[in-house]
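These notes concern the structure reproduced below.
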Amino acid sequence: MKNRVVNVAVVALLTGLALPSMASAAEALCESKATDIRQQLEHAQSQGNQQRVEGLQRALDAIESNCTNESVLNEATDEVKASLAEVQERQADFEEALSDGDEDDIQKRRVKLEEATQELEMHTQELNALQSQITN
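Under mature numbering (1 follows the signal peptide of the UniProt record, and there is no 0), read the sequence shown as residues -25 to -1, 1 to 111, first letter to last.
See the structure below:
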């Protein structure tokens, strides 16, 4: 039952929300990502971690040249979809364990399902936060 509620909520989230026009909106999500990368870059430089500095610089360059609000939202949406698929798979595994009746297997599958559900909730919250950043 809980799985169906989660599925319905995610599907509604993914299909029911109209995203604002990306062409006219400032790329606030990209700027937020770039700010995070710059902070990590400063830390890596202060630590003398040249390999990390180079990787972060490439990431920052990619954000500055290719990032759009739409691409950030698409990535977050893909994470939600992947998490939803994981929950569905874990639900099927759990139901199979229930039908087999092995209490140890049932408990293991229940834990895996709960972990997948928490991950789905986290990704859904992240997507909601991103969407609210560009609509406010």
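Built from N, CA and C at the ideal position, the CB exists for glycine as well.
Counting other Cβ atoms within 10 Å of its Cβ, residue 92 reaches 16 or more and is therefore classed as buried.
In this structure, the beta-carbon distance from residue 90 to residue 51 does not fall below 7 Å. Within the stretch 21 to 108, the runs of alpha helix (DSSP H) that reach at least 4 residues and sit entirely inside it are, in chain order, 25 to 41 and 44 to 75.
Of the residues assessed, residue 16 falls on the buried side of the cut-off, its CB having 16 or more other CB atoms within 10 angstroms. In its chain, beyond the 5 residues on either side, 9 have a beta carbon closer than 7 Å to the beta carbon of residue 39.
Closest option to residue 60, judged by alpha-carbon separation, among 96, 111, 48 and 103: 96.
Residue 4 sits close to residue 47, with the two beta carbons spaced by under 7 Å. For residue 65, the number of other beta carbons within 10 angstroms of its own is at least 16, and it is reported as buried.
A direct Cα-Cα distance of roughly 49 Å separates residue 31 from residue 74. Setting aside the 5 residues that flank it on each side, residue 83 is surrounded in the same chain by 72, each with a C-beta closer than 8 Å to its C-beta; the list follows chain order. Distance from the CA of residue 22 to the CA of residue 12, rounded to the nearest whole angstrom, comes to 15 Å.
Distance between residue 111 and residue 99, taken at the CA atoms: about 18 Å.
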